[in-house]
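Visitor: This is the structure, below, for whatever I ask next.
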Amino acid sequence: MNSLYSDLAKVYDAMYATFIDYKDEYEFYSEVLKKYNKKSLLEIGSGTGNLTTYFKKNGFEYLGFDLNEEMLEIARIKNPDCIYIKGDMRSFKLEKPVESIIMTGRTISYLLSNQDVESTLKSIHNNLEKGGVFCFDFIDANKFIPEISEGKEITHEASYDNIYYVRKSKWNLNLKQGMDFIWESNYYKKEGKKLIEIGKDNSIIRTFTINEIEIFLQINNFEIRKIIKKKSYAFPTYAIIALKK
Ligand SMILES: C[S@@+](CC[C@H](N)C(=O)[O-])C[C@H]1O[C@@H](n2cnc3c(N)ncnc32)[C@H](O)[C@@H]1O
1 MNSLYSDLAK VYDAMYATFI DYKDEYEFYS EVLKKYNKKS LLEIGSGTGN
51 LTTYFKKNGF EYLGFDLNEE MLEIARIKNP DCIYIKGDMR SFKLEKPVES
101 IIMTGRTISY LLSNQDVEST LKSIHNNLEK GGVFCFDFID ANKFIPEISE
151 GKEITHEASY DNIYYVRKSK WNLNLKQGMD FIWESNYYKK EGKKLIEIGK
201 DNSIIRTFTI NEIEIFLQIN NFEIRKIIKK KSYAFPTYAI IALKK
């Protein structure tokens, strides 16, 4: 069951604060928006609101958007004066179009079917002003898929607020419909030498080739401006800058 963004939302928030440098992420995306003179943005998959604070502090008009109430609850506590919308990226309509849309932390990897990708890109296109910027990242299939060692256990550890978290994951290929993998993970708190299980997550994650992303954007009336190799804590990624035609 996929529970990382529901039952485990608080654990996500604590662990990812140590895995991801959100200031660096903010700097990357805000530089893109500044380059294209965009002041308003929608963040799809805004999660626990870690980028919101930076965007608000720096004068951007920010809207958050996420599917999971548990993630939104944490984001709203951190940023009480900010608007967060609960919705599904595959079908949404804002009150008015925005100048830019960002989608970070490889959120696109939850779009498992081509139809899901199509409907999401259509929604994004409809909710952007003409010339609007769409900037997002994705897991690079070319780098990631051949590197997967079936069944090998990978441990990630993080210490936050004096709590020591451990995650043991297994990645297994799932090539039924695309370049996907199944990510099974068990989450623990460490007390002394003892590991106490606090939850499990089982998700299918999609990776993409650059070529697939290019085709999806072209057929949905986006013009690709730049493809940038980007560092990520666990996955080799690229970021794309595209403009609504
Ligand atoms: C990998 S997390 C990234 C969160 C945040 N951007 C970060 O970097 O910490 C993916 C986020 O996408 C959200 N999400 C997944 N499927 C979604 C959908 N169909 N529509 C909107 N949000 C979705 C999840 O709830 C989660 O918060």
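If you read the sequence shown in UniProt numbering, its first letter stands for residue 1, the second for the next number, and so on.
We put the CB at the ideal spot given by N, CA and C, even for glycine.
Nothing here was measured: the structure is a model prediction, and the numbers come from that model.
Please name the residue, chosen from A234, F28, D13, that lies closest to I77 on a Cα-to-Cα basis.
Guide: For this step, residue 77 is matched to residue 77 along the sequence shown. Measuring from the Cα of I77, the nearest candidate turns out to be D13.
Visitor: Compute the distance between the beta-carbons of W183 and I213, then report whether it is under 9 Å.
Guide: Here residue 183 refers to the residue found at position 183 of the sequence shown. Here residue 213 refers to the residue found at position 213 of the sequence shown. Contact flag unset, no.
Visitor: Let me have the residue list for ligand 3: C-beta closer than 5 Å to any non-hydrogen atom, ordered along the chain.
Guide: Of the ligands one can find in the structure shown, namely ligand 1, none is ligand 3.
Visitor: Quick one: Cα of F134 to Cα of K193, how far?
Guide: Position 134 of the sequence shown, counted from the start, is the residue given in the question as residue 134. Position 193 of the sequence shown, counted from the start, is the residue given in the question as residue 193. The straight-line gap from Cα to Cα measures roughly 46 Å.
Visitor: Taking all protein chains shown into account, do 16 or more other C-beta atoms lie within 10 angstroms of the C-beta of D66, making it buried, or fewer, making it exposed?
Guide: Looking up residue 66 in the sequence shown gives position 66. When all chains shown are included, D66 counts as buried.
Visitor: Residue range of the alpha helix (DSSP H) that L112 falls in?
Guide: Here residue 112 corresponds to residue number 112 of the sequence shown, with the count starting at 1. Run containing L112: none; DSSP gives neither H nor E here.
Visitor: Going by other Cβ atoms of all chains shown within 10 Å of its Cβ, with 16 needed for buried, is T155 buried or exposed?
Guide: Translated into the one-based positions of the sequence shown, residue 155 becomes position 155. Exposed, because fewer than 16 other Cβ atoms sit within 10 Å of the Cβ of T155.
Visitor: Starting from F181, follow its DSSP beta bridges and name the residues at the other end.
Guide: Numbered from its first residue, the sequence shown carries residue 181 at position 181. According to DSSP, which records beta bridges pairwise, F181 is partnered with L173, I205.
Visitor: How many whole angstroms separate the CB atoms of D140 and Y238, which I take to be in contact at a CB cut-off of 8 Å?
Guide: Residue 140 sits at position 140 when you count from the first residue of the sequence shown. Residue 238 sits at position 238 when you count from the first residue of the sequence shown. Correct: roughly 6 Å between the Cβ atoms.
Visitor: For V32, collect the residues of the same chain with a Cβ closer than 7 Å to its Cβ; drop the 5 residues on either side in sequence, then sort them by chain order.
Guide: Here residue 32 refers to the residue found at position 32 when the sequence shown is read from its first residue. Setting aside the 5 residues that flank it on each side, V32 is surrounded in the same chain by V133, C135, I241, each with a C-beta closer than 7 Å to its C-beta; the list follows chain order.
Visitor: Using only alpha-carbon positions, find the residue among S123, T18, Y54, A9 that is nearest to N162.
Guide: Position 162 of the sequence shown, counting from 1, holds the residue named residue 162. Out of S123, T18, Y54, A9, T18 has the C-alpha closest to the C-alpha of N162.
Visitor: Using 9 Å as the threshold, is the C-beta distance between E43 and G64 below it?
Guide: Taking the first residue of the sequence shown as 1, we reach residue 43 at position 43. Taking the first residue of the sequence shown as 1, we reach residue 64 at position 64. Yes.
Visitor: Have a look at N211 and I228 and give me their C-alpha separation to the nearest angstrom.
Guide: Walking along the sequence shown from the start, residue 211 turns up at place 211. Walking along the sequence shown from the start, residue 228 turns up at place 228. Taking the straight line from one Cα to the other gives about 14 Å.
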